[in-house]
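Q:
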Amino acid sequence: MSFFLEKFTIKGLEIPRFIGAPLDGITDSPFRKLVRDFSKEELLYTEMRHVRSVVTPKGGALALNFEQFERPLNFQFAANSTEFVESACERVLRVGVDAIDLNIGCPARNVVSSGGGSSLMADPERLEGILKEFRRFIPQHIPFTLKMRAGFKIINAVDIAKLAQDCGVDAITIHPRLQTQMFSGQPNYQVAALVKQAVQIPVVFSGNIINFKTAKMTYEKTGVDGFLIGRGMWAKPWKFEEIKANAAGKEYVVDGHMILRVALRHLELMVAEYGSHGLLRFRKNLPFYIKGHPSASELRQRLVQSDNLEDVQKGLIEFLG
Ligand SMILES: Cc1cc2nc3c(=O)[nH]c(=O)nc-3n(C[C@H](O)[C@H](O)[C@H](O)COP(=O)(O)O)c2cc1C
């Protein structure tokens, strides 16, 4: 069987090589349900949540509001100290997840300025304490993973990966850009390859993988074990099936009717989850569903102004149907 269609194992968790990335504001419960309409086995991440927010009644209820069929699920935490790690892990594990991830890659100013996200890569001592605290409260049978960058302001991914492995981290995802690069520019494939060579635990690559061709190119340059699909699956919940078909040498056809069906289902799931606010959240996805359509700008204008569900549904059917 092709390498790309084989599964790999993180601790005891056997999963396909393609994984759904965390995308804050996008990979929420409705989106994950949409993915599950197509793909059942792929590991999906939650959006990143700070350990402190998960232990509050409101934050916890929001972050942990997911259905069992969204699993396998990797719950992603942000943390800037060891405070709340124990109670946050306990809360998440009580609901049931398949892995717990710590983010040390987020470049956002508010996250970095409070000492979390990618800034932790510049403070290995504090990071070590936090990693050990997570490992202490995550049972050994639950994989603990780490999502990092190439570094904060300077590249130090290899050192951080080794530190993580020594602290009991079970897999590393590397998005090999510096904090200053945010989400653009070429990913540094060489750094990812060095990380892969430096550790024995599985290494997953994140950055610019949008189809089978880019996954294959990434593998050839880095030798990584798995591939995170982020922006490539935005409004394309069929993406894993497309990649697997292409990896098997088959075509995967997506036509306008399928896009319409998916967009309407996404809207329905958003409204079921968030009530009228769901319409607002759906707008973020709309441009991706109608991209390339000859009347895209007209449709966008009409739907962005509407706060009526039926009107948005009608508009989608009129334009895309
Ligand atoms: C809108 C958006 C939200 C993101 N949210 C998160 C997040 O919550 N946690 C995280 O680790 N990475 C987050 N990322 C980074 C992605 O997971 C991924 O590493 C990055 O986008 C590169 O991969 P891609 O080219 O496949 O999108 C986010 C990226 C974008 C564009």
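For the record, in the sequence shown the residue sitting at position 178 is 177 according to numbering that gives the first Met the number 0, with numbers rising by one throughout.
The beta carbon of each residue, even a glycine, is placed where N, CA and C say it ideally should be.
The model shown is predicted, which means the values in this text are computed figures rather than measured ones.
Just list the residues that DSSP pairs Q75 with in beta bridges.
A: In the DSSP output, where bridge partners are listed per residue, Q75 has D100.
Q: May I have the straight-line CA-CA distance separating L130 from V261, to the nearest angstrom?
A: Spanning the two alpha carbons is a distance of roughly 39 Å.
Q: Report the three-state DSSP secondary structure of R135 (helix, strand or coil).
A: It is helical.
Q: In this structure, how does DSSP classify F204 when only helix, strand and coil are distinguished?
A: DSSP places F204 in strand when its eight states are reduced to three.
Q: State the Cα-Cα distance for the pair K215 and P56, rounded to the nearest angstrom.
A: Rounded to the nearest angstrom, the two C-alpha atoms are 44 Å apart.
Q: Name the residue from P106, G116 and V168 whose alpha carbon lies nearest to the alpha carbon of F136.
A: Ranking P106, G116 and V168 by Cα distance to F136 puts V168 first.
Q: Any heavy atom of ligand 1 within a distance shorter than 7 Å of the CB on D23?
A: Indeed, a heavy atom of ligand 1 lies less than 7 Å from the Cβ.
Q: Cβ of L298 within 8 Å of Cβ of G274?
A: No, the Cβ-Cβ distance between L298 and G274 is not below 8 Å.
Q: Report the rounded CA-to-CA distance for T144 versus V190, giving the unit in angstroms.
A: About 19 Å.
Q: If I'm right that G19 touches M269 with Cβ under 8 Å, what's the distance once you round it to whole angstroms?
A: About 18 Å; that fails the 8 Å criterion.
Q: Determine whether the beta carbon atoms of K146 and T172 lie at a separation below 8 Å.
A: Cβ distance < 8 Å, so K146 and T172 count as in contact.
Q: Whole alpha helix (DSSP H) runs in the region 125-174 with 4 or more residues, listed along the chain?
A: Listed in chain order, the complete alpha helix (DSSP H) runs (minimum 4 residues) inside the region 125-174 are 156-165.
Q: For N245, verify whether its CB is less than 7 Å away from any heavy atom of ligand 1.
A: Because no heavy atom of ligand 1 lies under 7 Å away, the Cβ of N245 does not count as near it: no.
Q: Please classify A78: is it buried, with 16 or more other beta-carbons within 10 angstroms of its beta-carbon, or exposed?
A: By the neighbour-count rule (16 or more Cβ atoms within 10 Å), A78 is buried.
Q: For ligand 1, is there any heavy atom lying closer than 7 Å to the beta carbon of F182?
A: Yes; taking the cut-off as 7 Å, the Cβ of F182 has a heavy atom of ligand 1 nearer than that.
Q: Within 10 angstroms of the Cβ of S205, are there 16 or more other Cβ atoms? Answer buried if so, exposed if not.
A: So S205 ends up on the buried side.
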